[in-house]
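Chemist: Quick note, the sequence shown lines up with residues 422 to 491 if you use the numbering used here.
My structure is below; once you've seen it, I'll send some questions.
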Amino acid sequence: MPMNEPPLDDLLKVSKNRYVLAIVAAKQARYVTDKINAGLLDNGIKPVSQGLRDIAAGRVKFILPKKGVK
């Protein structure tokens, strides 16, 4: 799988904030890793790549943080 799959443009359609995308991708990759370690998933794709694919496909739901710090 190439490094540009899914394209950044597709991911930015989900969220304009790259920081939020990085955090969500890391959490989804951890979830995929836990599934692999439990023996529930084995698709040969690296966890971060699978997490990014899930985000681009809309299978991961998340709430954007509010602007500003209180």
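Positions of the beta carbon are idealized from the N, C-alpha and C atoms, including for glycine.
#1: Any idea what DSSP makes of Val571, helix, strand or coil?
#2: Quick check on this structure: which residue in Arg451, Ser470, Asp475, Val441 has the alpha carbon closest to the alpha carbon of Leu485?
#3: Is the separation between the beta-carbon of Leu473 and that of Ala446 shorter than 8 Å?
#4: Can you have a look at Ile444 and say buried or exposed, based on whether 16 or more other CB atoms are within 10 angstroms of its CB?
#5: Got a sec? Which residues, its chain only, sit under 6 Å from Gln449 by beta carbon, not counting five neighbours each side?
Modeler: Let me spell this out:
#1: What is shown of the chain runs 422 to 491, which leaves residue 571 out entirely.
#2: By 1-based counting over the sequence shown, the position of residue 485 is 64. Among Arg451, Ser470, Asp475, Val441, the Cα nearest to that of Leu485 belongs to Val441.
#3: By 1-based counting over the sequence shown, the position of residue 473 is 52. By 1-based counting over the sequence shown, the position of residue 446 is 25. It is a contact, given that the beta carbons lie within the stated cut-off.
#4: Position 23 of the sequence shown, counted from the first residue, corresponds to residue 444. Counting C-beta atoms within 10 angstroms of its own C-beta, Ile444 has fewer than 16 neighbours from the protein chains shown and is therefore classed as exposed.
#5: The count along the sequence shown starts at 1 and reaches residue 449 at position 28. Same-chain partners within the cutoff: Gly472, Asp475, Val481.
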